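Participant:
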Amino acid sequence: MIGFHMTIRRKLIAVMMFVCIFALATAGVAFVAWSLKMYRRIAADNLTITASIIANQTRAALAFEDAGDAEKTLASLSAQPSIVAADISTRDGKQFVSYSRDKQKTAPSDANGVQSDYASRGDNIVIHQPIELDGEKIGTVTLISDVSQVRRMLESCMRIVGCVIIVVSVLGYFIASRMQRYISNPILSLAETARVVSKDKDYSKRAVRISDDETGILIEAFNEMLDQVQISQAELIEAKANLEEKVRERTQALTTEVHSRKEAQMRLVNMNKDLAQAIEKLEQSNQQLQEFAYVASHDLREPLRKISSFGRLLQDSLQNKLTDDDRENFEFMIDGAQRMQLMIEALLTYSRVTTHGAEFRPVDLNLIVEQLRTLELAAKLEEIPGSSIDVPESLPVINGDPVQMRQLLQNLIANGMKYQPKGAVPKIIVRASREAENMVKIEVEDNGIGIKEEYYNTVFTMFRRLHSRSEYEGTGIGLAVCKRIVERHNGKIGLTSNVGKGTTFWFTVPCTEPVSAEAKAAIA
Amino acid sequence: MEYKVKAACLYNFIKFIEWPDDKTSDSSTPITIGILGEDNFGTAFNEITSRKIRDRNLVVKKISDFSAENAKPELLKCRLVFVSTSQRQHTGEVIELLRNKPVLLVGENDGFIEAGGIINFVMQDNKVCFEINADSAEEAQLKMASQLLRLAKRVIKSGKSQSSNAVGIMLQNMRGA
């Protein structure tokens, strides 16, 4: 069989040779077999004809039983060397005359067959031909022919076929060697190109198209493929270059960005440092300012008190000697001194909120309101009959500075009682509600003049007053103090108001546990 | 014995000779063999007459004497007339009677064919042989097969006598006889 390791050239030659020899051998065998058969048939036919002639020739001799004449006729068979023996038998099967090519051989006495047919007996062809006279069989001619001639012919046939096969094989080999190039050359050229392309990675190489058959198509396809590969490679190289450029750019950009970020961070750190320093300085200066404010206000009180008290003494002693203008001037002076004293007091209070704050502890607001009602605000309540501070529901116990809580509530309630229309009766209601997990909201509602919405925030600013001193007395510090206290308690402060109907101030402070039984007992 | 062979020969002569009316004759008409003179055949014809030649039956007619009253018309009806030795004195008359007639004249006397007969039996080495006058046969419009002529010991043709080949014509004694 054809080895798979053989080159395509050898395979092609082998295939062509195989087909050639196979076809020749088959044709040769068929030819020999056919020749043999035909030769046998022709031999048999010839023998039959010969037998017929003999039968005709010997008819009269047999009829008149003239053996000599019959023998003479049979003797003429010697002209045909393939006839081994002949025999004529009479109607009743007895041998009449016989003939033998080789005299020593006894003629066969076979007269069983009567048909004009032939049968092979071994290598011999035997013919039985009846001798008829007037439609009546009077005897039989038997001819026996050997097939040595057939064998000789077979041998020569086979020799010829063998010679033809050898000659054709040799010729066929040369022809196949030449012809296979039509198929193998394009393929080998393609294979060589493919090898070079694969080895050198040189995609600009092209296979040469030699033929227009499938190999040509293959080569064309291969070349097209190479085109594609080349284009793809070029694109790839370009893309790679682009990519590298992009990577470089991106890296540059990133580096720049990182650098700038680092710088920014550095700046931020520096700024933070600066800020911290500034805060420190600010705190320091604030501390100094507060200390200064406290010291100043504390130390300023004494001379102010002297001014106002001695002013009062002077006024009293000079009462009759003063003109009305002088008296008025004295009043201005004393009033100014007193107001300044109040302002300083307020400022002191304000600064004390942070500097002199006490520890937080549970504070019962009910108790504070009650104390305010009976002590600090009692005078004001008595001043206007009917005025009241109501606590509809029990207030909670909160966690805070008791002094500052008292201050806070006092300021808010006093505020509510102060800003009333002329002749109005102040009604203050204090309520509480839970604001968040641990915060309570305290509301102080009044029926005063109300505050316009645009002033909701400004009321808490120090020294910011909405009314002239002639209308309502005040330092402009009270609500600022309130705000400061609430902020110290981490709460918020605000208000809602209805101009002409009243204002509700609210603040949130941290609460303790809900009002306990003990606290209630304490209230009682 | 001799006449048994002769009877077989007569029978075979008919087979190897063609009569002019063979193709036109009705097959129902029998072939008549006339025996003129003394009948020495005995039962030799018994077997032969049971056979047919060209689908025609064989009939043997015996005419004891040529000088008999109805001998001539009987002879004219025959296809084959065998003149025995006993009637040799009438040979010339018989030949004259059947001249140019399609009748095969067979004799057994020397000079029979020279006298105008067609076939004559002769004894040679104690074997029955025959000789043929082809001219007479031609006159009688009888076509003789060449094989028959070949088997004849002597043939007269175109007035010449031709002797047969060296082997000679010898009829073997009938086997089993």
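Line by line, the protein sequences give chains A and B. Note that the numbering used here has the first sequence beginning at 12, numbered continuously upward. Note that the numbering used here has the second sequence beginning at -11, numbered continuously upward. Note that the Cβ used here is the ideal one computed from N, Cα and C, for glycine as well. Just so it is clear, the structure is predicted and the values come from calculations on it, not from any experiment.
Could you tell me which residues DSSP pairs with N45(B) in its beta bridges?
Facilitator: Here residue 45(B) refers to the residue found at position 57 when the second sequence is read from its first residue. Answer is K40(B).
Participant: Express the C-alpha separation of K273(A) and G489(A) in angstroms, rounding to a whole number.
Facilitator: Within the first sequence, residue 489(A) is the residue found at index 478, counting from 1. Within the first sequence, residue 273(A) is the residue found at index 262, counting from 1. Using only the alpha carbons, I get a separation of about 49 angstroms.
Participant: Between Q91(A) and D98(A), is the Cβ-Cβ spacing less than 8 angstroms?
Facilitator: Numbered from 1 along the first sequence, position 80 holds the residue referred to as residue 91(A). Numbered from 1 along the first sequence, position 87 holds the residue referred to as residue 98(A). Taking 8 angstroms as the Cβ cut-off, Q91(A) and D98(A) do not qualify as a contacting pair.
Participant: Give a yes or no on whether 8 angstroms exceeds the smallest Cβ distance from L144(A) to chain B.
Facilitator: Sequence index remark: in the first sequence, residue 144(A) carries index 133 (1-based). Output row for L144(A): interface = yes.
Participant: Three-state secondary structure (DSSP) at R189(A)?
Facilitator: In the first sequence, the residue the question calls residue 189(A) occupies position 178. Correct three-state label for R189(A): helix.
Participant: If you measure beta-carbon to beta-carbon, which residues of the stretch -1 to 16 of chain B are closer than 7 angstroms to chain A?
Facilitator: Those would be N0, K3, F4, in chain order.
Participant: To which residues does DSSP link V152(A) through a beta bridge?
Facilitator: Numbered from 1 along the first sequence, position 141 holds the residue referred to as residue 152(A). Paired residue(s): I99(A), Q140(A).
Participant: Determine, for S120(A), whether the minimum Cβ-Cβ distance to residues of chain B falls below 8 angstroms.
Facilitator: Position 109 of the first sequence, counted from the first residue, corresponds to residue 120(A). Note on S120(A): pLDDT 44, under 50, position unreliable in the model; the coordinate value appears next. Not an interface residue.
Participant: For a contact defined as C-beta to C-beta under 7 angstroms, what are the partners of D98(A) on chain B?
Facilitator: Here the question's residue 98(A) lines up with position 87 in the first sequence. Result: empty, since nearest Cβ-Cβ is about 16 angstroms, beyond 7 angstroms.
Participant: With a threshold of 8 angstroms between beta-carbons, can C(-3)(B) be considered close to chain A, or not?
Facilitator: Residue mapping note: residue -3(B) aligns to position 9 of the second sequence, counting from 1. Chain A contact via Cβ: present.
Participant: Counting only Cβ-Cβ distances shorter than 7 angstroms, please list the residues of the stretch 98 to 130 of chain B near chain A, keeping chain order.
Facilitator: So nothing in the stretch comes that close.
Participant: With distances taken Cα to Cα, identify the nearest neighbour of F303(A) among L182(A), V497(A), R499(A), L359(A).
Facilitator: As a first step, residue 303(A) is located in the first sequence; it is residue number 292 there, counting from the start. Checked all of L182(A), V497(A), R499(A), L359(A); the closest Cα to F303(A) is L359(A).
Participant: Can you tell me which of R217(A), M17(A), K83(A), V152(A) puts its alpha carbon nearest to the alpha carbon of R138(B)?
Facilitator: Walking along the second sequence from the start, residue 138(B) turns up at place 150. The candidate whose alpha carbon is nearest that of R138(B) is K83(A).
Participant: Taking the alpha carbon of D27(B) as the point to measure from, which residue in F70(B), R42(B), S124(B), I101(B) has its own alpha carbon closest?
Facilitator: The count along the second sequence starts at 1 and reaches residue 27(B) at position 39. Checking every option, the nearest Cα to that of D27(B) belongs to F70(B).
Participant: On the DSSP letters alone, give me the boundaries of the beta strand (DSSP E) that E482(A) sits inside.
Facilitator: Position 471 of the first sequence, counting from 1, holds the residue named residue 482(A). Note, E482(A): premise wrong, no beta strand (DSSP E); not H, not E.
Participant: Closer than 8 angstroms, CB to CB, is A66(A) near chain B or not?
Facilitator: Locating residue 66(A) in the first sequence gives position 55, where the first residue counts as 1. No, A66(A) does not count as interfacial toward chain B.
Participant: Can you tell me which of the three DSSP states P403(A) falls into?
Facilitator: One-based indexing of the first sequence puts residue 403(A) at position 392. Coil, per DSSP.
Participant: If we ignore side chains and look at the alpha-carbon of each, how far apart do E6(B) and K148(B) end up?
Facilitator: Stepping through the second sequence from its first residue, residue 6(B) is reached at position 18. Stepping through the second sequence from its first residue, residue 148(B) is reached at position 160. Each residue's Cα considered, the two are about 23 angstroms apart.
Participant: Should N449(A) be labelled buried (16 or more other beta-carbon atoms within 10 Å of its own) or exposed?
Facilitator: Looking up residue 449(A) in the first sequence gives position 438. That one is exposed.
Participant: Quick check on I83(B) - is its C-beta less than 8 angstroms from some C-beta in chain A?
Facilitator: Taking the second sequence and counting its residues from 1, the one referred to as residue 83(B) is at position 95. So no, I83(B) is outside the interface.
Participant: When the cut-off is 8 angstroms and only beta carbons count, does Q135(B) lie next to chain A?
Facilitator: Start at 1 with the first residue of the second sequence, and residue 135(B) comes out as number 147. Cβ-Cβ to chain A under 8 angstroms: yes for Q135(B).
Participant: Using a 10 Å radius around the Cβ and a threshold of 16 neighbouring Cβ atoms, would you call N458(A) buried or exposed?
Facilitator: Taking the first residue of the first sequence as 1, we reach residue 458(A) at position 447. Label assigned to N458(A): buried.
Participant: Just curious, the beta strand (DSSP E) that V441(A) is in, first and last residue?
Facilitator: Locating residue 441(A) in the first sequence gives position 430, where the first residue counts as 1. First-last of the beta strand (DSSP E) with V441(A): 438 to 445.
Participant: May I have a chain-ordered list of the beta strand (DSSP E) segments no shorter than 3 residues that lie completely inside the stretch 107 to 137 of chain B?
Facilitator: For the stretch 107 to 137 of chain B, whole beta strand (DSSP E) runs of length 3 or above, ordered along the chain, are 107 to 112, 115 to 121.
Participant: Can you tell me which of the three DSSP states G39(A) falls into?
Facilitator: Here residue 39(A) refers to the residue found at position 28 when the first sequence is read from its first residue. Note: G39(A) maps to helix in three-state DSSP.
Participant: Could you check the C-alpha separation between A218(A) and M169(A) for me, to the nearest Å?
Facilitator: For this step, residue 218(A) is matched to residue 207 along the first sequence. For this step, residue 169(A) is matched to residue 158 along the first sequence. Approximately 49 angstroms, taken between the alpha carbons.
Participant: Taking C-alpha atoms, which residue in L182(A), L477(A), E446(A) lies nearest to G461(A)?
Facilitator: The residue you call residue 461(A) lines up with position 450 of the first sequence. Residue L477(A) is the option with its Cα nearest to G461(A).
Participant: Could you compute how far the alpha carbon of A205(A) sits from the alpha carbon of Q241(A)?
Facilitator: For the purposes of this step, residue 205(A) is identified with residue 194 of the first sequence, where counting begins at 1. For the purposes of this step, residue 241(A) is identified with residue 230 of the first sequence, where counting begins at 1. Cα-Cα distance, rounded: 14 angstroms.
Participant: I need the straight-line Cα distance from S209(A) to L229(A), nearest angstrom please.
Facilitator: Residue 209(A) sits at position 198 when you count from the first residue of the first sequence. Residue 229(A) sits at position 218 when you count from the first residue of the first sequence. Each residue's alpha carbon lies about 17 angstroms from the other.
Participant: Where do the N-terminal and C-terminal ends of the alpha helix (DSSP H) with M354(A) fall, by residue?
Facilitator: Against the first sequence, residue 354(A) aligns to sequence position 343. Note, M354(A): alpha helix (DSSP H), 335 to 366.
Participant: For D80(A), decide whether its Cβ has a neighbour in chain B, counting only Cβ atoms nearer than 8 angstroms.
Facilitator: Position 69 of the first sequence, counted from the start, is the residue given in the question as residue 80(A). It does: the Cβ of D80(A) has a partner Cβ on chain B nearer than 8 angstroms.
Participant: Closer than 8 angstroms, CB to CB, is R102(A) near chain B or not?
Facilitator: Residue 102(A) sits at position 91 when you count from the first residue of the first sequence. Judged by the 8 angstroms Cβ criterion, R102(A) is not in contact with chain B.
Participant: As a quick exercise: from L201(A), R384(A), I60(A), A287(A), pick the residue whose alpha carbon is nearest that of N234(A).
Facilitator: As a working note, residue 234(A) is residue 223 in the first sequence. Checked all of L201(A), R384(A), I60(A), A287(A); the closest Cα to N234(A) is L201(A).
Participant: Which same chain residues end up closer than 7 angstroms to L85(B) when comparing Cβ atoms and leaving out the 5 residues on each side of it in sequence?
Facilitator: The residue labelled residue 85(B) in the question sits at position 97 within the second sequence. Taken in chain order, the residues that qualify are K60, L63.
Participant: Determine the contact status of I118(B) and A140(B), defining contact as a CB-CB distance below 8 angstroms.
Facilitator: Residue 118(B) sits at position 130 when you count from the first residue of the second sequence. Residue 140(B) sits at position 152 when you count from the first residue of the second sequence. Rather than Ile, the amino acid found at residue 118(B) in this sequence is Phe. Going by C-beta atoms, F118(B) is nearer than 8 angstroms to A140(B).
Participant: When the cut-off is 8 angstroms and only beta carbons count, does D113(A) lie next to chain B?
Facilitator: The count along the first sequence starts at 1 and reaches residue 113(A) at position 102. No - not a single Cβ of chain B is within 8 angstroms of the one on D113(A).
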